[in-house]
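Asks:
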Amino acid sequence: MSEKMWGGRFAGRTAASVEAFTESISFDARLYRQDIAGSCAHAKMLAHQGLISEAERDQIVKGLQEIEQDIEQGNFNFRPELEDIHMNIEKTLAEKIGAAGEKLHTARSRNDQINLDIRLYLRDEIEQLIDLVIALRKGFVSLARKYLGQVMPGYTHLQRAQPVLIAHHMLAYYEMFGRDQERLADCLKRVNIMPLGAAALAGTGLPIDREFVARELGFPKVTANSMDTVGDRDFAIEFVSVAALIQIHLSRLAEELVLWSTEEFSFVNISDSFCTGSSIMPQKKNPDIPELIRGKSGRVVGNLMSLLTLLKGLPMTYNRDLQEDKEPLFDTVDTVSRCVAITADLLQNMEFNTAKTQKATAAGFMTATDLADYLVTKNIPFRQAHSIVGQAVAYGIAQSKDLAEMSLAELKKFSALIEDDVYQVLSVKGSIDSRQSTGGTSSLRVTEALVAAEKALGI
Ligand code: ARG
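If you're matching positions, the sequence shown starts at 592 in our numbering and goes up one per residue.
(1) Just the C-alpha distance for Gly745 and Asp863, rounded to the nearest angstrom, thanks.
(2) Quick one: residues in its chain with C-beta nearer than 6 Å to the C-beta of Ala959, no 5 flanking neighbours on either side, listed in chain order?
(3) In its own chain, which residues sit with a C-beta less than 7 Å from the C-beta of Lys635, not counting the 5 before and 5 after it?
(4) Using only the heavy atoms of ligand 1, determine whether one of them is closer than 8 Å to the beta carbon of Asn783.
(5) Comparing alpha-carbon positions, which option in Ser869, Val1013, Ile1023 and Cys866 lies nearest His759?
(6) State the Cα-Cα distance for the pair Ile828 and Ala951, rounded to the nearest angstrom.
(7) Is Glu1051 a contact residue of ligand 1, with contact defined as CB to any heavy atom under 8 Å?
(8) Can at least three beta-carbon pairs, one atom from the region 698-715 and one from the region 653-668, be found at a separation below 8 Å?
(9) So, are the CB atoms of Asp534 and Arg824 less than 9 Å apart?
(10) Can you grab the Cα-Cα spacing for the pair Leu787 / Tyr765, in whole Å?
(11) Quick check on the burial criterion: 16 or more other C-beta atoms within 10 angstroms. Buried or exposed for Ala632?
(12) May I ask you to report which of helix, strand or coil DSSP gives Gly955?
(13) Which residues does DSSP pair with Arg751 in a beta bridge?
(14) Give the single residue among Ala834, Ala789, Ala726 and Glu686 whose Cα lies nearest to the Cα of Ala815.
(15) For Asp925, count neighbouring C-beta atoms within 10 Å of its own C-beta (all shown protein chains included) and say buried if the count is 16 or more, exposed if not.
(16) With a threshold of 8 Å (Cβ to nearest heavy atom), would Asp626 be considered close to ligand 1?
(17) Should the region 772-786 be regarded as contacting the region 828-838, the criterion being three or more beta carbon pairs within less than 8 Å?
(18) Here's the rule: buried if 16 or more other CB atoms are within 10 angstroms of the residue's CB, otherwise exposed. What is Ser991?
(19) Give me the Cα-Cα distance between Thr923 and Leu749, rounded to the nearest whole angstrom.
(20) For Met941, does the three-state DSSP call read helix, strand or coil?
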């Protein structure tokens, strides 16, 4: 006789290599809390429905609580021959309390049990990640407040384009991560549905009460179709896709921080405590944190590909392939949570070099569009204005003079309509503050946006 919990129909022992190949306890042990919470709720429902006695329920719940303590204190013996977290806990319970423990798995399968465990796990992790994203967004808002009024070049194609406020750039990230926050909350709606009671795939003939379990565990509703339920990992894939996008956003920021902390840009200084040195070049101070964040986007995107491919070609309903969902999912949770948290810390450990950003904004013909717009106000069609300013820029490049450095006589050579008031337009401040369209970089709009962000985050 095999000692397996499913061993009844088996005559021979499982090969050691098969045990080692099929076990998941080495990675699903981290679901012990969720597994125990689910089992307690299930036992309470079984007693409520008269499927076990109240005394048996109490024995089960007490036994499970003791097991949880043992695991927490490192006194639990995880046995790979028991495959997974479900059977490790259930078998230990049965050894502890006897027959009552053997009733726990009534009207339940590991197929719906694992689905429940992952949902409980993700529900907590998503809530924590939302808090981390909020803290990160606060970081951008406080930088926006700190540098309000300070300017920097805005880029397209990584070429200097138009002057912007540093605060505008920071609030761009506030918006970007705001969408991520919304996506997390939205994905949580589909995670937060109670699957237990689907049993192996077809439901159960025993008189269970799924809504009772849902209430016990704080789920607003139960899943609708038992077959869909046990084969469904969409909710996990959805989470990982949201997490991948968060990681990509972090990576874009990381790329900017790497660039900005070069000698060539010198727009920011990351504090010593958030940089590392080189083992050979004594002068080096490297932006390793942003680099690692950028690098880790590869694993998170890889995890998303793993999970999508995992489902491809799986027939209804549960298939053992699904056990492969956990490592990419756990790795995604760990990686993205750590990256969001350290990025929020990093924002508090960097400073803008405003002398540099200001100097960079003064050069590069960044007010050329403003000059074109100025000519438009003098009734010159925009296309003609564009061409006139293009000629002025070409002249400026040849003479090593920015537009604002040209005399009125020089500017008038390109259009007689240019008057003395042009210098207001050609100044960085004038350029920025003219951009009062909704969502633009003028001090007026940015201050409004900043105040709204502070209000939204309760700062
Ligand atoms: N360890 C399994 C998993 O992660 C639990 C469900 C196993 N079900 C089964 N019928 N073998 O998916």
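Yeah, the Cβ is synthetic: ideal placement off N, Cα and C, and Gly gets one too. Source: prediction; values computed, not measured.
Replies: On the basis of the coordinates in this document:
(1) 27 Å
(2) Val980 and Val984
(3) Arg648 and Glu807
(4) no
(5) Ile1023
(6) 43 Å
(7) The first residue shown for the chain is 592 and the last is 1050, placing residue 1051 beyond what the model contains.
(8) no
(9) Given that the chain is displayed from residue 592 to residue 1050, the structure contains no residue 534 and the question cannot be resolved.
(10) 38 Å
(11) buried
(12) coil
(13) Tyr746
(14) Ala789
(15) exposed
(16) no
(17) yes
(18) exposed
(19) 30 Å
(20) strand
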